[in-house]
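All the letters of the sequence shown, read from the start, carry residue numbers 3 to 252 under the working numbering. Cβ coordinates follow ideal geometry from the N, Cα and C atoms, glycine included.
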Amino acid sequence: MKKLVVFDLDGTIAESKSAIDQEMAALINRLLAIVKVAIISGGNWQQFETQVLGNLPANENWTNLSLLPTSGTKFYSIKDLKSGWQQLYAEDFTREEKSRIIAAIQAAVQTTGYTVPQTWGEQIEDRGSQITFSALGQQAPLEAKRVWDPDSAKRKKIKAILDQTLAGFSINIGGTTSIDVTRAGIDKAYGIKKLNEILSIAIADMIFIGDAIYPGGNDYPAKQAGALSIAVRDIHETKRVIETILACMG
3 MKKLVVFDLD GTIAESKSAI DQEMAALINR LLAIVKVAII SGGNWQQFET QVLGNLPANE
63 NWTNLSLLPT SGTKFYSIKD LKSGWQQLYA EDFTREEKSR IIAAIQAAVQ TTGYTVPQTW
123 GEQIEDRGSQ ITFSALGQQA PLEAKRVWDP DSAKRKKIKA ILDQTLAGFS INIGGTTSID
183 VTRAGIDKAY GIKKLNEILS IAIADMIFIG DAIYPGGNDY PAKQAGALSI AVRDIHETKR
243 VIETILACMG
């Protein structure tokens, strides 16, 4: 029997930059009552608080929950509701690394010609342990994001350049319009290995669920780490997967 279910966030349990809905919250709460759960996402800690914790029933089930923001470069857990969430580690960039990454992203976008006439919020966000490029900006409406790069073709061209100019870093396509840059080897595979180390759960006893489990996708490293991986198209498919897991484990 599997002992840990690991989820991606955007596109898997929630729409991009949106809160989990009531049905998803109820399903995750039921899952937490019987098995450990982790969420690994390119989003920062604030997104986890807004998208997940602000909508998930606050109860002792949270002690079964591990949260890994910025593609697993940070790790949060909770012993009890009174003590609150504690950060166990953070693999932050140096100032020089951040400057180099930001400059490389700007150059790659210019080279490909994928500049956009309108943005909503920051295009390049410093998340401490991850630099994230969001083509239309961090606050872009979901409708606009869905049509900009539905097949990831534009981001694959940008990524191909960054793979050359940022050799030594991990570059992965994530979300709907994003590219995430982390330290080399520090991605969702790193997060899976840290879950193994910190929770003492074998990778073979984990299930990973995500919408970007393909080469270059930011969920793919989790599959490469050896976790049983289930690719989903959207949050509705994820709900059906959770219901199946509950039926098998219940």
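- May I have the straight-line CA-CA distance separating residue 8 from residue 213, to the nearest angstrom? 12 angstroms
- Item | Span separating the alpha-carbon of residue 15 from that of residue 237 | 5 angstroms
- Message: Rounded to the nearest angstrom, what separates residue 27 and residue 160 at their Cα positions?
- Response: 35 angstroms
- Backbone CA spacing between residue 93 and residue 153 [nearest angstrom]: 30 angstroms
- Query: Quick one: any contact between the region 135-153 and the region 81-101, if contact means 3 or more CB pairs under 8 angstroms?
  - Reply: no
- Message: Here's the rule I'm using: 16 or more other beta-carbon atoms within 10 Å means buried, otherwise exposed. How should residue 61 be labelled?
- Response: exposed
- Query: Do the CB positions of residue 197 and residue 40 come within less than 9 angstroms of each other?
  - Reply: yes
- Inter-residue Cα distance where the pair is residue 132 and residue 98: 13 angstroms
- Query: Nearest-angstrom Cα distance between residue 65 and residue 74?
  - Reply: 19 angstroms
- Message: Mapping the DSSP letters down to three states, classify residue 76 as helix, strand or coil.
- Response: strand
- Query: Which residues in the same chain have their Cβ closer than 6 angstroms to the Cβ of residue 230, if we skip the five residues on either side of it in sequence?
  - Reply: 209
- Query: Is the CB-CB distance between residue 190 and residue 155 below 9 angstroms?
  - Reply: no
- residue 216 classed as buried or exposed, judged by whether at least 16 other C-beta atoms fall within 10 angstroms: exposed
- Item | Burial state of residue 53 (16 or more Cβ within 10 Å) | buried
- Task: Report the option in 165, 47, 30 and 20 whose CA atom is closest to the CA atom of residue 6.
- Result: 30
- Helix, strand or coil: how does DSSP classify residue 244 here? helix
- Item | Rounded separation between residue 224 and residue 82 - CA only | 28 angstroms
- C-alpha gap between residue 125 and residue 140, whole angstroms: 6 angstroms
- How many whole angstroms separate the CB atoms of residue 12 and residue 19, which I take to be in contact at a CB cut-off of 8 angstroms? 7 angstroms
- Item | CB of residue 72 within 9 angstroms of CB of residue 130, strictly | yes
- Same chain, Cβ closer than 8 angstroms to residue 168, neighbours up to 5 away in sequence not counted: 102, 103, 106 and 183
- Hey, residue 50 and residue 33: beta-carbon distance below 9 angstroms or not? no
- Item | Reference residue 113; option with closest CA among 43, 251, 194 and 163 | 163
- Buried versus exposed call for residue 1 [16 or more other C-beta atoms within 10 Å across all chains shown]: Nothing can be reported for residue 1: it is not among the residues displayed for the chain, which extend from 3 to 252.
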